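Student: Got a structure here, written out as structure tokens. Questions coming.
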Amino acid sequence: MRSVHDYEITEYSMNFRTKKLTIEATLDDNSKKIIFTDVLAYEFSDEIPYSTILDIDKIDIQNFFKNNKELLESKKNSGWPVIYQTMEELEQKIQKEEVNYYILFSSYGMTGWILAQDITVKNN
2 MRSVHDYEIT
12 EYSMNFRTKK
22 LTIEATLDDN
32 SKKIIFTDVL
42 AYEFSDEIPY
52 STILDIDKID
62 IQNFFKNNKE
72 LLESKKNSGW
82 PVIYQTMEEL
92 EQKIQKEEVN
102 YYILFSSYGM
112 TGWILAQDIT
122 VKNN
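What follows is the structure, given as structure tokens:
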């Protein structure tokens, strides 16, 4: 993946029909489009102007379940991120979809994670 370190997030959008999450970011005169495809779920916090990316890392999917156990349990009856009865069933469904766990680390501001099949970084 091309480096996005120190890029400022200018906007992001989620297209639920195409399951595509796009983050637009700039650094000096350079701009990049970070595209996550086949997005299953995501969560961001601290979304403020001038949010600056430290890095985006692909982490082992098992860490998603460990890091978000309380969130998953609290949202289970809402059908989020998918309908499931047990945590084991949820893990099987997510692994079957071949979803990756990406973490957005920030130097400042917006941080979070994305469950998606792939990520692409394009120069604008």
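Using our numbering, you'd call the opening residue of the sequence shown number 2 and step up by one each time.
Just so you know, even glycine gets a beta-carbon here, dropped at the ideal spot from N, CA and C.
Only a predicted model underlies this, so the values are computations on that prediction, with no experimental measurement involved.
Alpha carbons only, please: which of ASP47, LEU55, PHE66, ASP56 is nearest the one belonging to GLU89?
Tutor: Cα-wise, what sits closest to GLU89 is PHE66.
Student: Pick from VAL122, ASN64, GLY110, ASP58: whose alpha carbon is nearest that of PRO50?
Tutor: It is GLY110 whose Cα lies nearest to the Cα of PRO50.
Student: Below 8 Å on the Cβ atoms is my guess for GLU9 versus SER46; work out the distance and round it to an integer in Å.
Tutor: With a Cβ gap of about 17 Å, GLU9 and SER46 do not count as contacting.
Student: Which residue from LEU28, ASP56, LEU22 puts its Cα closest to that of PHE106?
Tutor: Closest by alpha carbon: ASP56.
Student: Below 8 Å between beta carbons: does that hold for ILE36 and VAL5?
Tutor: No, Cβ-Cβ distance for ILE36 and VAL5 is not below 8 Å.
Student: Since SER46 sits in a beta bridge, which residues does DSSP pair it with?
Tutor: Note: SER46 sits in a beta bridge opposite THR112.
Student: Judging by CA-CA distance, which residue of GLY113, LYS123, ASN124, VAL122 is the nearest neighbour of ILE60?
Tutor: Ranking the options by Cα distance to ILE60, first place goes to GLY113.
Student: Determine whether the beta carbon atoms of TYR102 and ILE120 lie at a separation below 8 Å.
Tutor: Taking 8 Å as the Cβ cut-off, TYR102 and ILE120 do not qualify as a contacting pair.
Student: Which residue from LEU73, ASP58, GLU74 puts its Cα closest to that of ALA117?
Tutor: Comparing Cα-Cα distances from ALA117 to each of LEU73, ASP58, GLU74, the minimum goes to ASP58.
Student: I need the DSSP call for SER79, collapsed to helix, strand or coil.
Tutor: Helix.
Student: With respect to the alpha helix (DSSP H) encompassing LYS94, which residues constitute its N-terminal and C-terminal limits?
Tutor: Start and end: 88-97.
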